[in-house]
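Asks:
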Amino acid sequence: MTDSNGLATFDTIYPGWYIGRATHIHLRVRFGGVIVNSTGFYLEGHISHTGQLFFNETLTDLIATQAPYSSHNITRTRIDTDGIYQQSNGALQLVSIQYKNPTVGLREGLVGIVTVGVHSSSTPDNNNMGGGGTRPPPFI
Numbered sequence: 001m002t003d004s005n006g007l008a009t010f011d012t013i014y015p016g017w018y019i020g021r022a023t024h025i026h027l028r029v030r031f032g033g034v035i036v037n038s039t040g041f042y043l044e045g046h047i048s049h050t051g052q053l054f055f056n057e058t059l060t061d062l063i064a065t066q067a068p069y070s071s072h073n074i075t076r077t078r079i080d081t082d083g084i085y086q087q088s089n090g091a092l093q094l095v096s097i098q099y100k101n102p103t104v105g106l107r108e109g110l111v112g113i114v115t116v117g118v119h120s121s122s123t124p125d126n127n128n129m130g131g132g133g134t135r136p137p138p139f140i
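Just so we're aligned, residue 1 is where the sequence shown starts under full-length UniProt numbering, counting upward by one.
Printed below as a string of structure tokens:
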């Protein structure tokens, strides 16, 4: 959910990777959703955007040296060879990431910032997952 200014904040982990795709997360923007009652149940609005956000390779190289990522034995696809990144102007979809505390580095975590401009009345194909096709294979 966003605030009255359209700002959404959330905590997550740095994404892993699977065969054939660069490190990314999927993004779906909905308009017109409401919280139904005091239980916090969310009734979805219409989908206005489905896409993907990508991550800087230098940072992902560093993350890949840290547990549990360092035990991942699948060769990572880089953004320069990811077809979805290339076809969807992925450079405009890179998440800007910085250290929460630059003097401490990764131990304190990261902060990612992305600006997404979406036309609120747009209604793209609901089956479109923003590229990538089918579900990824199980994590190995």
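Every residue gets a Cβ at the ideal spot worked out from N, C-alpha and C, and that includes glycine. Predicted model only: the values in this text are computed from it and were never measured.
Could you name the residues of the same chain whose beta carbon sits closer than 6 angstroms to that of Ile25, not counting the 5 residues immediately before and after it, in chain order?
Replies: Pro15, Leu53
Asks: What number of angstroms, rounded off, separates the C-alpha of Leu43 from the C-alpha of Met1?
Replies: 11 angstroms
Asks: Using a 10 Å radius around the Cβ and a threshold of 16 neighbouring Cβ atoms, would you call Asn5 buried or exposed?
Replies: exposed
Asks: From the beta carbon of Thr50, is the nearest beta carbon of chain D less than 8 angstroms away?
Replies: Absence of chain D from the displayed structure is noted, only one protein chain being present.
Asks: For His24, which beta-bridge partners are listed by DSSP?
Replies: Bridge partners of His24: Phe54.
Asks: Given 8 angstroms as the limit, is there contact between the region 107 to 115 and the region 32 to 43, that is, 3 or more CB pairs closer than that?
Replies: no
Asks: Report buried or exposed for Ala91, applying the criterion of at least 16 other Cβ atoms within 10 angstroms of its Cβ.
Replies: exposed
Asks: The alpha helix (DSSP H) that contains Ile84, what's its start and end?
Replies: 83 to 87
Asks: Ignoring anything shorter than 4 residues, give me the alpha helix (DSSP H) runs that lie fully in the region 28 to 77, in order along the chain.
Replies: Entirely contained in the region 28 to 77, the alpha helix (DSSP H) runs reaching 4 residues are, in chain order, 57 to 63.
Asks: Measuring only the C-alpha atoms, how far is Arg30 from Ser48?
Replies: 5 angstroms
Asks: Take the Cβ of Thr58 as the centre, count every other Cβ of all protein chains shown within 10 Å, and call the residue buried at 16 or more, exposed below.
Replies: exposed
Asks: Return the first residue and the last residue of the beta strand (DSSP E) that Gln98 is part of.
Replies: 96 to 99
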